[in-house]
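Residue numbers (our numbering): 101 to 262.
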Amino acid sequence: MMTKTNDLALLQKVSAFLWAEAALLDAKDYDAWLSLWLTEGFYTLPIGEGDDFDNQLNLCHDNDRMRRDRIRRFQQGFSISSAPPAHTVRTVSRFVIETVEGDMVTVSSAEHVIEDKFGRQRIWAGHMRHTLVASGDGFRIRAKVVRLLNSDGMLNSFSYLF
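Structural data, given as structure tokens:
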């Protein structure tokens with residue numbers, strides 16, 4: 101059982117997990133990414149500052165079915181935004197373990213995503229918060245919230261996940 105938020109070994113394990121998640125997303129290995137999730141988990145890109153994701157406007161607030169549907173559209177080309185898929189390189193940094201409660205760890209971090217599509221590059225930055233549940237030697241994702249810096253401004257369609 102984990103009990104400390106200043107545990108460097110825990111920070112190292114959490115960082116490695118989030119870096120591995122980023123690598124899966126850059127590789128578009130969406131099936132492996134889906135396997136990181138708990139069924140009851142939510143992937144959320146909120147608009148603005150609120151935390152009541154069920155009752156506010158979000159870019160997405162995906163439960164298990166919606167995550168799988170989104171991935172299926174990416175993989176089958178049924179989404180205009182995913183044809184052709186963008187190439188991405190992401191950097192995840194500034195890991196801070198916020199809370200540890202039993203086997204649940206909440207960690208915040210920063211993310212930069214560089215997208216290349218049609219010979220044009222765009223850069224996105226966001227604050228991330230993951231709620232992870234210890235599982236065996238690793239973690240499973242219960243919640244992932246990505247607050248894009250310009251979430252309430254003009255956004256284009258995305259052919260990838262943050």
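We treat Cβ as the ideally placed atom computed from N, Cα and C, and that holds for glycine.
(message) To the nearest angstrom, how far is the alpha carbon of Leu125 from that of Ala210?
(response) Position 25 of the sequence shown holds residue 125. Position 110 of the sequence shown holds residue 210. So the alpha carbons of these two residues sit roughly 16 Å apart.
(message) Tell me the rounded alpha-carbon separation between Gln176 and Glu198.
(response) As a first step, residue 176 is located in the sequence shown; it is residue number 76 there, counting from the start. As a first step, residue 198 is located in the sequence shown; it is residue number 98 there, counting from the start. Answer to the nearest angstrom: the Cα atoms are 38 Å apart.
(message) Measuring alpha carbon to alpha carbon, tell me which residue in Ala109, Gly148, Glu215 and Ser135 is nearest Asp252.
(response) The sequence position of residue 252 within the sequence shown is 152, counting from 1. Nearest option by C-alpha distance: Gly148.
(message) Per DSSP, what are the beta-bridge partners of Ile223 in this structure?
(response) Position 123 of the sequence shown holds residue 223. Ile214, per the DSSP bridge assignment.
(request) Ignore the nearest five residues each way along the sequence and tell me which others in Asp107's own chain have a CB closer than 7 Å to its CB. (result) To locate residue 107, count along the sequence shown from 1; it is residue 7. Nothing listed; no residue qualifies.
(message) Please state the DSSP three-state secondary structure of Ser259.
(response) The residue given as residue 259 occupies position 159 in the sequence shown. The DSSP-derived three-state label of Ser259 is coil.
(message) Taking the beta carbon of Ile241 as the centre, do at least 16 other beta carbons fall within 10 Å, making it buried, or is it exposed?
(response) Reading the sequence shown from its first residue, position 141 is the one you call residue 241. Its Cβ being crowded by 16 or more others within 10 Å, Ile241 is buried.
(message) Please report the distance separating the alpha-carbon of Phe117 from that of Val196.
(response) The residue you call residue 117 lines up with position 17 of the sequence shown. The residue you call residue 196 lines up with position 96 of the sequence shown. Spanning the alpha carbons of Phe117 and Val196 requires a straight line of approximately 14 Å.
(message) Can you tell me where the beta strand (DSSP E) holding Ser193 begins and where it ends?
(response) Looking up residue 193 in the sequence shown gives position 93. Start and end: His187 to Glu201.
(request) Taking Tyr260 and Pro185 to be in contact with their CB atoms under 8 Å, please state how far apart those CB atoms are, rounded to whole angstroms. (result) Residue mapping note: residue 260 aligns to position 160 of the sequence shown, counting from 1. Residue mapping note: residue 185 aligns to position 85 of the sequence shown, counting from 1. With 8 Å as the limit, Tyr260 and Pro185 qualify as a contact, their Cβ atoms being about 7 Å apart.
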